[in-house]
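In the numbering used here, the protein residues as written are 224 to 264.
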């Protein structure tokens, strides 16, 4: 499935990566990261 973006984005991999990063809810990974850091403090 590594090339599944090709159907929608063609050779414009950068556009796919931009769209992916816009879809991710960055608050969730940030909260999980903070929890992990607290475990080691």
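We put the beta carbon where it would ideally sit given N, CA and C, even for glycine.
Under the DSSP assignment, residue 233 falls outside any alpha helix (DSSP H); it carries neither an H nor an E label. Here the C-alpha atom of residue 231 lies approximately 12 Å from the C-alpha atom of residue 237.
Within the same chain, 236 and 239 come within 8 Å of residue 228 by CB-CB distance, once the 5 residues on both sides are set aside.
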